[in-house]
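Number of protein chains: 2
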Amino acid sequence: MTNRDDQGDYIVAPDPGRPGLTRSVEGIDQSGQSGPVSVVEERPLTIFLNGQEIVTAMTIGDYPEYLALGFLRNQGMLRDGETVQGVDFDEELETVVVRTDGQTSYEEKLRKKTRTSGCAVGTVFGDMMEGLEGLTLPQAEVRSSWLYALAAKINTTPSLYLEAGAIHGTVLCREDRPLVYMEDVGRHNAVDKIAGWMLSENVAAGDKILYTTGRLTSEMVIKTALMGIPVLASRSGFTAWGVEIAQQVGLTLIGRMRGRRFTCLAGDARLIRDADPGAVADEPRRSARKGGAA
Amino acid sequence: MTNRDDQGDYIVAPDPGRPGLTRSVEGIDQSGQSGPVSVVEERPLTIFLNGQEIVTAMTIGDYPEYLALGFLRNQGMLRDGETVQGVDFDEELETVVVRTDGQTSYEEKLRKKTRTSGCAVGTVFGDMMEGLEGLTLPQAEVRSSWLYALAAKINTTPSLYLEAGAIHGTVLCREDRPLVYMEDVGRHNAVDKIAGWMLSENVAAGDKILYTTGRLTSEMVIKTALMGIPVLASRSGFTAWGVEIAQQVGLTLIGRMRGRRFTCLAGDARLIRDADPGAVADEPRRSARKGGAA
């Protein structure tokens, strides 16, 4: 059970009660009985950078400005020195324009797309890998007691996921405090919204942990590393390339976190096992498909 | 438990033991103990249509030809009358070229991308919606006894998911028989591989059911409808737009299928509730995030 103190950790928490994020539709169950069903809204948001249309994202629509900023940043379309001068969201047109002092010339990049398991558009995969060259992540430390505390708090935080399902969540954390919990229909939107928030609020990345419901794929690992966050954790599993990249860039990669169990497949040096796993409530192993890798 | 008869249903079944689909890496668990961990491979596959590079997909790499064919078909890039003359996979270059007798002119479409929750590249969302206009799906019928039987068989079929996690599965079924079970790191890859198989084998769609681990988003519904399949079912939840589109095109949409429970949010007229839900083993409701919407 979360108490007020746990919820007090959040700077940005999910707001499942906010109007417009879910809709009630009529459904008929296995017995033929009708009843209301809460489903999440998804709506298109077209992102522009300095007048150039970049992409249309399907999103629940709660943080269009953060989504646009974070998407562009994570796709490498905002250079380090570039100043963001404004972010203008037009609710009627369902567009958001990010204005900077830089030049935008992404015709070439936009031609070549990479469809990854999670959906990266706008960047050639090679470009994303290039961004990793020479990248170093800070030493930092992460304690297993923090991971257990984070999982417990996050899993009980009221969210669209708990209310309506069909949604991904990613949480920016520091030590055992969840700080910014973003959700969206698209796993990468949730991460991009966090990146946009960090850029907007000028928040440091080196002392943070990124916790996600999503799978630890190559794209997820690359994004986290490019955001400068040295620790990435998930309930879900890994792909081989995700593991390889994490090892190459020295990111601490922890997956299959359920109950007392987790597996670290890269960057184990940062991990301090200060908690007794036996003291943590366990989760039964799944023997057949249950939660589904939706 | 699946018996030989159940496995005998499959025309294409997952082959988790096949070399190259998973890799063993060394992981360290919560107690500091080392051990081997099986993780899925993902590798890039660049798809060409008549000499034009279309997209690079990250895939586990088991059915590159079906993936290419199905992707192009589901993106509306293969016209109905167009004849596929050849599909050439080059393992070294990690490319697959689909050759047809048609003209390819997708410069315009490739410029505008839509990032959806699952990742559609190469088609403006509007184009996908256009494809639905005037589309009619056959009456067909689907029995709840079939759905329960399918779920039981599919959930116990040996798969990469059960072995290594971090993967999506979609199964083409007819009545209570699962026929073609495709998996991949990307949910849409799995669907596209099925579409490619159907195109390749010239298999009818109107009497089929599509069962997926994935969420029933707008894109998933559109794809299923464009494939001509009248019934789409999933363990997972829905988005509002997915429901709306299903209602508009008259697709039978069944989600949150767990144990004896399911909810039909569109096309209920096709559904015949011939099974007694009480006779089906139940699955405990989840009260906190468990399986995760990875």
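Going down the list, the protein sequences come from chains A and B. Each residue of the first sequence is one higher than the one before, counting from 1 in full-length UniProt numbering. Each residue of the second sequence is one higher than the one before, counting from 1 in full-length UniProt numbering. For glycine and all other residues, C-beta sits at the position ideal for the given N, C-alpha and C.
No Cβ of chain B is located within less than 9 Å of the beta carbon of residue 200 (chain A).
At a cut-off of 4 residues, the continuous stretches assigned as alpha helix (DSSP H) that sit fully inside the stretch 29–88 of chain B are 64–74. Burial state of residue 57 (chain A) is buried, judged by a 10 Å Cβ sphere holding 16 or more other Cβ atoms. Per DSSP, the beta-bridge partners of residue 234 (chain B) are B:212. Counting along the chain, residue 220 (chain B) sits inside the alpha helix (DSSP H) bounded by residues 218–226. In this structure, the CA atom of residue 202 (chain B) is about 30 Å from the CA atom of residue 41 (chain B). Residue 150 (chain B) carries a helical assignment under DSSP once its states are collapsed to helix, strand and coil. When DSSP states are grouped into helix, strand and coil, residue 242 (chain A) belongs to the helix group. For residue 194 (chain A), the uninterrupted alpha helix (DSSP H) segment begins and ends at 187–201. Taking 8 Å as the upper bound for CB-CB distance, residue 185 (chain A) and residue 237 (chain B) are not in contact here, some 10 Å apart.
For residue 239 (chain B), the residues of chain A that pass the 8 Å Cβ criterion are 39, 40, 41, 42, 166 and 185, in the order they occur in the chain. In this structure, the alpha-carbon of residue 25 (chain B) lies about 11 Å from that of residue 264 (chain A).
Membership of residue 183 (chain A) in any alpha helix (DSSP H) is not indicated; the residue belongs instead to the beta strand (DSSP E) covering 177–184. Taking CB atoms only, residue 230 (chain A) has no neighbour in chain B less than 9 Å away. Listed along chain B, the residues sitting closer than 9 Å to residue 277 (chain A) by beta-carbon distance are 29, 30 and 31. For residue 164 (chain B), the uninterrupted alpha helix (DSSP H) run begins and ends at 160–164, by DSSP. By the criterion of a C-beta distance shorter than 6 Å, residue 61 (chain B) is surrounded in its chain by 43, once the five residues flanking it on both sides are discounted. Where residue 140 (chain B) is concerned, there is no enclosing beta strand (DSSP E), because DSSP gives it neither an H nor an E. Of A:47, A:250, A:34 and A:260, the smallest CA-CA separation from residue 132 (chain A) is found for A:250.
For residue 269 (chain A), the number of other beta carbons within 10 angstroms of its own is below 16, and it is reported as exposed. Against chain B, the beta carbon of residue 173 (chain A) has no neighbour under 8 Å; the closest one sits roughly 15 Å away. Using a Cβ-Cβ cut-off of 8 Å, residue 268 (chain A) is close to 28 of chain B, given in chain order.
Using a Cβ-Cβ distance cut-off of 8 Å, the stretch 91–99 of chain A and the stretch 43–54 of chain A are in contact, since at least three pairs of beta carbons, one from each stretch, lie closer than that value. Around the beta carbon of residue 88 (chain A), a 10 Å sphere encloses fewer than 16 other beta carbons of the protein chains shown; the residue is thus reported as exposed.
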